[in-house]
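Numbering (this note's numbering), first residue to last: 3 to 231. Think of the CB as a built atom: it goes at the ideal place given N, C-alpha and C, for glycine as much as any other residue.
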């Protein structure tokens with residue numbers, strides 16, 4: 003079965019505090035989005051990689067891909083939201099028509115590529131697979147900075163990426179969300195669970211940090227240094 007991967011890098015990274023979008027900032031000498039692309043580009047289980055970028059940064063992104071020898075990665079413009087950006091990427095894949103698609107945030111360059119095969123073995127029709135992590139902290143529901151109630155953390159997981167689905171199913175979920183004017187989803191599993199089927203949660207093999215702040219970048223730098231990367 004053919005497998006495609008969408009790398010979502012369309013955001014502007016305003017929380018990161020840099021003149022560059024965070025995905026273009028270097029992590030241990032290499033741009034964050036390049037590290038994420040390489041995870042899947044060099045995987046024997048992936049047939050096609052699509053990179054979704056903010057329109058203003060497409061030219062720069064293409065130049066960097068070429069400089070790293072990542073030929074064959076297709077670049078498409080993102081939309082006004084993450085949901086729109088992913089939908090753009092899915093539409094780009096319609097001609098290629100993969101059986102499965104993995105959707106990954108470019109800001110998670112530490113994902114362990116050894117887990118790709120396991121994810122693909124688990125995904126089935128009507129069953130998506132999402133990398134997620136159990137919550138260990140106590141979580142409050144808050145109203146106007148005051149504790150409203152304490153949530154049961156034994157039932158809470160933190161959604162991560164990649165998230166894997168059968169291509170036609172997640173494409174249909176996005177179409178139905180568009181038809182319903184449902185634009186509040188911050189990940190694709192939310193749409194899949196709402197419109198298609200169940201979602202299986204799989205813990206990451208190792209640190210799968212999302213780089214959102216300068217502090218996250220420092221943690222990622224130290225982690226890669228320990229790994230010799």
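Counted as a single uninterrupted DSSP element, the stretch harbouring residue 69 is not any beta strand (DSSP E) but the alpha helix (DSSP H) occupying residues 60–69. No Cβ-Cβ contact shorter than 8 Å links residue 103 with residue 204. Shown here for residue 36: same chain residues with a beta carbon closer than 7 Å to its own, the five before and five after excluded, namely 66, 70 in chain order. Counting along the chain, residue 182 sits inside no alpha helix (DSSP H), nor does DSSP assign it H or E at all. DSSP places residue 110 outside both helix and strand once states are collapsed to three, so it counts as coil.
The three-state reading of DSSP puts residue 146 in coil, since its state is none of H, G, I, E or B. Exclusion of the five residues before and after residue 100 leaves 3, 4, 5, 6, 49, 50, 169 as the residues of its chain whose Cβ lies within less than 8 Å of its Cβ.
8 Å or more divides the Cβ of residue 130 from the Cβ of residue 85.
Within the DSSP bridge table, the entry for residue 202 names 131 as partners.
By DSSP's assignment, residue 84 forms no beta bridge with any residue. Counting along the chain, residue 50 sits inside no alpha helix (DSSP H); it lies in the beta strand (DSSP E) bounded by residues 50–55. A contact is defined here as three or more CB-CB pairs under 8 Å, and the region 24–43 fails this definition with respect to the region 120–134.
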